[in-house]
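**Student:** When the letters of the sequence shown are read in order and numbered with my numbering, they come out as residues 1 to 275.
C-beta atoms are modelled at their ideal positions from N, C-alpha and C, and glycine is treated no differently.
Can you read through this structure? Questions will come right after.
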Amino acid sequence: MTKRVRAERALRESEARFRSLTELSSDWFWEQDAELRFTRMEGQHITGDGPSFDSEMGKTFGELGFEVSGDAAAHNALLKQHQPFREAVLRCTCADGTARLIRVSGEPLRDAQGGFSGYRGVGRDITQEKLAEERIQHLATHDGLTGLANRVLFHEVLGLAALFIDLDHFKAINDTLGHDAGDLVLKEFASRLNQCWRGTDEVAHKILAAASEPVPFNGHACCVSASIGICMVSAGVWEEQAIMKNADRAMYAAKEKGKNNFQFFDAPAGAPTAG
């Protein structure tokens, strides 16, 4: 009996230490049955907004709204084969539309006969970490004022053509009404520009029309137009620097022809042509 009492006491103390550590940790510990339904959860709540796991018990990750962010097929293959998995990122969209992301690692459980009986593992809420990463990525690839993609992203997504756009008469607005007016014009044009990409026809014509609409500022109508140079990647030019240079040359040709128009760069002929 003494040995049994000591064993039970040691077990209780071990459980107490485990609970104390999980409560202090930003991780949470979980166990699932053979159907991948939660049978035990301890530590930091999966949603980060409450101490109880009652609503999660008996459910799977999928039933809680979580989906694999990344290679779902590879992760599901590991589960089907009852293999360990590490650092899987799962994403869930909450009722208020916000996203929640967790990182989980698990290992299979075996019964006395060696058969698969479920998983156990650890998880951590990484929502703020991921949102910060996405914010940094956005800042690295987009202009801070207009939100438009910058040259870093341009290099990654360059496809069929490059358009070099210059706002005619923009300097006059900055000089007469100040940089606040200039910033407003740029942000408004950027918003209009995003609308122009919706669809695949007559993009240059849409940009010219969008640029010509006045932008109101403190009782003034800020009026600009656009000169657009276009270099087709399919014209035989693939290097980014050459494409940008040729689109720039075509844009200056548009200005020389009276502004408020677009010109194509003809790579074989080496000179811009009207569009």
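Evaluate contact between the segment 91-103 and the segment 55-72, counting only Cβ atoms and requiring at least three cross-stretch pairs below 8 Å.
**Tutor:** Judged by Cβ distances under 8 Å, the segment 91-103 makes contact with the segment 55-72, as three or more pairs qualify.
**Student:** At which residues does the alpha helix (DSSP H) containing residue 246 begin and terminate?
**Tutor:** Residues 240-256.
**Student:** What do you get for residue 246, buried or exposed, if any count of 16 or more other CB atoms within 10 angstroms of its CB means buried?
**Tutor:** When all chains shown are included, residue 246 counts as buried.
**Student:** Let's test the definition: count the other Cβ atoms within 10 Å of the Cβ of residue 197 and tell me whether it reaches 16, buried, or not, exposed.
**Tutor:** By the 10 Å Cβ count, residue 197 comes out exposed.
**Student:** Taking 8 Å as the threshold (C-beta atoms), are residue 259 and residue 212 in contact?
**Tutor:** Cβ atoms of residue 212 and residue 259: not closer than 8 Å.
**Student:** Based on the DSSP secondary-structure assignment, which residues constitute the bridge partners of residue 161?
**Tutor:** In the DSSP output, where bridge partners are listed per residue, residue 161 has 232.
**Student:** Leaving out the 5 sequence neighbours to the left and right, which residues in its chain are closer than 7 Å to residue 231 when beta-carbon positions are compared?
**Tutor:** The answer, listed in chain order, is 161, 162, 237, 243, 246, 247, 250 and 265.
**Student:** Anyone know if the C-beta pair for residue 179 and residue 224 falls short of 8 Å?
**Tutor:** Cβ atoms of residue 179 and residue 224: not closer than 8 Å.
**Student:** For the alpha helix (DSSP H) that contains residue 261, what are its first and last residues?
**Tutor:** Looking at the DSSP string, residue 261 is not in any alpha helix (DSSP H); the run it does join, the beta strand (DSSP E), is 261-266.
**Student:** Assign residue 58 to buried or exposed, taking buried as 16 or more other Cβ atoms, counted over all protein chains shown, within 10 Å of its Cβ.
**Tutor:** The residue in question, residue 58, is exposed, as its Cβ has fewer than 16 Cβ neighbours within 10 Å.
**Student:** Between the Cα of residue 106 and the Cα atoms of 263, 233 and 38, which residue gives the shortest distance?
**Tutor:** Closest option to residue 106, Cα to Cα, is 38.
**Student:** Should residue 4 go down as buried or exposed, given a rule of 16 or more other Cβ atoms within 10 Å for buried?
**Tutor:** It counts as exposed.
**Student:** Which whole runs of the beta strand (DSSP E) in the segment 40-108 are 3 residues long or more, in chain order?
**Tutor:** Within the segment 40-108, the complete beta strand (DSSP E) runs of at least 3 residues are 85-93.
**Student:** With distance defined between alpha-carbon atoms, name the residue in 9, 257, 136 and 117 nearest to residue 80.
**Tutor:** Nearest option by C-alpha distance: 117.
**Student:** Who are the near neighbours of residue 203 in its chain, counting only those whose CB is closer than 8 Å to its CB and skipping five residues on each side?
**Tutor:** Taken in chain order, the residues that qualify are 163, 196 and 197.
**Student:** What residue does the beta strand (DSSP E) around residue 220 start on, and which one ends it?
**Tutor:** It spans 220-222 - the beta strand (DSSP E) in which residue 220 sits, taken as one unbroken run.
**Student:** Determine the closest residue to residue 252 out of 167, 124, 239 and 222, with distance taken between C-alpha atoms.
**Tutor:** If we check each option's Cα against that of residue 252, 167 comes out closest.
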